[in-house]
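Residue numbers (my numbering), protein chains in the order written: chain W, 122 to 419; chain Y, 122 to 419.
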């Protein structure tokens, strides 16, 4: 087919990393510890899944990387803030992330909380200011801010994390509850990444709704695989495996078994790809991304 | 003069409290603890200084309460999130705020952090969605989001809090450093309140720049008075006095003495009012607000 997903991912990642690195410059002033801390986590070597999906969806419908890049990086800033806060001692209490000490392990809790707060706030500043200076229409910028803030706040990601914490150690956690938690905690922002990229690229309503479906299935599959990796381990996760078990956290694989969980993830990947059935070969990166994510090292 | 500042403030406060109360409804679902926590702090009886200033500036230049209210409430949500996070054990470690137990004392650290995160994120959702449904132009909404996020993030409030923490226990803290910290930590968002209200009300550039001056002096005066109240006590602060001293925090009054600090606050109040010298009697609420804040119980 001639489409090299590994090359595609590494090229995209490089573009995104460069932009993110330019965004948060550490100045020589006395108050640079906050910025150092923001920079530490934003450049800690993430997969850049969300901005890559944002770019891929936007390019598919005809947008350019230049126009979509600031918004895709803003989403990565929001994702990064959520990781910093999730890792805090009062939350998941993780000391390692992506093979590196977590933000609060290096900078202390106070600075870590503030770095998360600043990344979240600055993400909206970036969409508002770079969106306009990049030639997006104000109404498009407002729509994107609405999509992203809805996905990230009390109707999305933050509620998902609250639910996740509430389920810890609980008996009688149902599959439905876990799915709801996943769709809030990771699904909503993954969907917003695809939708906002597509909006900027000029997607039609019909394209938007098909891409939304794609993102929904992909997000669910992604989270199940994450939970399987937590049990089976894998070089990718960069933190000690078994974290969920230690925390007595019910997950998809602990409820249905690893075999069934893998089958479900596989089925969801196929559904994600099926959602793109009306699209031509220009949707190949989106399809390959779903395959690639579905085949992460078990 | 016939202008009753106490009545003005209580009427405005009622309008703002009602709107804020409608915004965060606690549902009966299993995941309502996050929303309870958000609601607890947002309705904990703040002075509503920022939204009142936002409304006053906007009405002065000809705007209506209806149009400005959602944005003024979004700013109060951002202010409230900052208080929740500032009170955390790893930050200022305060157990009381406005005469009530702080958020984390009631809901625990994890939920308190998430409630702050959600209030911050939902504030942008509110500006984006209610701004548009309220008939503001998309470009005005984007400008307001830019003003607010710039004032709240790593170039404003969050940096101010980081600097405040960094100065704790430090020798050789200069007056300049304290002023810079104040202008970031509280000044920036107070200024954004006035500027965004004025923008929505349709201010001219010249009006905007005079109002920006007014807000700058008012913010500086406000913070010095806060620091004086922390030493001398007062029913208004609703927390134990002497918190700064216990934390070995250099403040304006500890550096220059209480008498000089009060004189400076008084002078700044006069400068704030002088900034409005070209405005007619319609600016009376803004002037009275400055007097009122300048005369808080020492």
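Backbone N, C-alpha and C define an ideal beta-carbon position, used for all residues, glycine too.
Q | Neighbourhood of residue 252/W by C-beta distance below 8 angstroms, restricted to the same chain and skipping five residues each side | A | 191, 192, 261, 262 and 265
Q.
My parser needs the alpha helix (DSSP H) runs of 4 or more residues fully inside the segment 320-356 of chain Y; what are they?
A. The qualifying runs are 326-353.
**Q.** Bridge partners - residue 222/Y, DSSP secondary structure assignment
**A.** 217/Y
**Q.** Burial state of residue 338/Y (16 or more Cβ within 10 Å)
**A.** A residue is called buried when at least 16 other Cβ atoms come within 10 angstroms of its Cβ; residue 338/Y meets this threshold and is buried.
Q: Starting from the Cα of residue 329/W, find the closest Cα among 385/W, 365/W and 183/W and give me that residue.
A: 183/W
Q | Alpha-carbon to alpha-carbon, residue 153/Y and residue 228/Y | A | 12 angstroms
Q. Considering only residues of the same chain and omitting the five flanking positions on each side of residue 393/Y, which have a CB-CB separation below 6 angstroms?
A. 335, 338, 339 and 411
Q: State the DSSP-derived secondary structure class of residue 210/Y, mapped to helix, strand or coil.
A: coil
Q) In chain order, what residues of the same chain lie with their CB nearer than 6 angstroms to the CB of residue 174/Y, ignoring the 5 residues before and after it? A) Excluding positions up to five away in sequence, the list reads 314 and 315.
(Q) Could you compute how far the alpha carbon of residue 363/Y sits from the alpha carbon of residue 353/Y? (A) 8 angstroms
Q. For residue 260/Y, which residues in chain W fall below 7 angstroms Cβ to Cβ?
A. By Cβ distance, chain W contributes 259.
Q) When DSSP labels each residue in this structure, what does residue 171/Y get in the three-state scheme? A) helix
Q. Going along chain W, which residues have a C-beta under 7 angstroms from residue 231/Y?
A. 211, 212 and 286
Q: For residue 331/W, go through chain B and note every residue whose CB falls closer than 8 angstroms to its CB, in chain order.
A: Reference to chain B is not applicable here, since the protein chains of this structure are W and Y.
Q: Work out the CA separation of residue 249/Y and residue 402/Y for me, nearest whole Å.
A: Computed Cα separation, rounded: 33 angstroms.
Q: Keeping to the same chain, check which residues put their C-beta closer than 7 angstroms to that of residue 200/Y; ignore five residues upstream and five downstream.
A: 171 and 310
(Q) With a threshold of 8 angstroms between beta-carbons, can residue 201/Y be considered close to chain W, or not? (A) no
Q) Rounded to whole angstroms, how far is the Cβ of residue 98/W from the Cβ of residue 238/Y, which I believe are closer than 8 angstroms? A) The requested residue 98/W does not occur in the structure, where chain W is confined to residues 122 to 419.
**Q.** Alpha-carbon to alpha-carbon, residue 299/W and residue 341/W
**A.** 10 angstroms
Q | Interface flag, residue 365/Y vs chain W, CB-CB below 8 angstroms | A | No, its Cβ sits nowhere closer than 8 angstroms to a Cβ of chain W.
Q | Contact set for residue 196/W: own chain, Cβ-Cβ below 8 angstroms, skip 5 residues either direction | A | 171, 172, 175, 244, 269, 310, 313, 314 and 317
Q: Compare the C-alpha of residue 223/Y against each of 378/Y, 163/Y and 319/Y and name the closest.
A: 163/Y
Q: Please report how far the alpha carbon of residue 210/Y lies from the alpha carbon of residue 233/W, in whole angstroms.
A: 13 angstroms
Q. For the candidate residues 374/Y, 370/Y, 259/Y and 136/Y, whose alpha-carbon lies nearest to that of residue 284/Y?
A. Selected option, being the one with the closest Cα: 370/Y.
Q | residue 279/Y at chain W interface by Cβ criterion, 8 angstroms | A | Yes, contact with chain W.
Q.
Within a Cβ cutoff of 7 angstroms, which residues of the same chain sit near residue 216/Y, ignoring the five residues on either side of it in sequence?
A. 222, 223 and 226
Q: Give the residues of chain Y in contact with residue 369/W, contact being defined as C-beta atoms less than 9 angstroms apart.
A: Correct list: empty, because the minimum Cβ distance to chain Y is about 16 angstroms.
Q) What does residue 206/W touch in chain Y if you count any residue whose Cβ is under 7 angstroms from its own? A) 234 and 238
Q.
For the segment 240-257 of chain W, list every residue whose C-beta sits within 9 angstroms of some C-beta in chain Y, in sequence order.
A. Within the segment 240-257 of chain W, the residues whose Cβ lies closer than 9 angstroms to any Cβ of chain Y are, in chain order, 240, 241, 242, 243, 244, 245, 246, 247, 248, 249, 250, 252 and 253.
Q: Pick out whichever of 128/Y, 185/Y, 138/Y and 123/Y has its Cα sitting closest to the Cα of residue 320/Y.
A: Closest option to residue 320/Y, Cα to Cα, is 185/Y.
Q: Taking a Cβ distance cut-off of 7 angstroms, strictly less, list which residues of the segment 148-179 of chain Y are near chain W, in chain order.
A: Listed by position along the chain: 152, 154, 155, 156 and 159.
Q.
Given this structure, state the Cα-to-Cα distance separating residue 166/Y from residue 254/W, to the nearest angstrom.
A. Using only the alpha carbons, I get a separation of about 40 angstroms.
Q) Using 8 angstroms as the limit for Cβ to Cβ distance, is residue 274/Y near chain W? A) yes
Q. Who are the neighbours of residue 263/Y on chain W, taking C-beta pairs under 7 angstroms?
A. 249, 253, 259, 262 and 263
Q: Just the chain W side, please: which residues come within less than 7 angstroms of residue 314/Y by C-beta, in chain order?
A: Neighbours of residue 314/Y on chain W: none; closest Cβ ~16 angstroms, over 7 angstroms.
**Q.** Rounded separation between residue 286/W and residue 416/W - CA only
**A.** 28 angstroms
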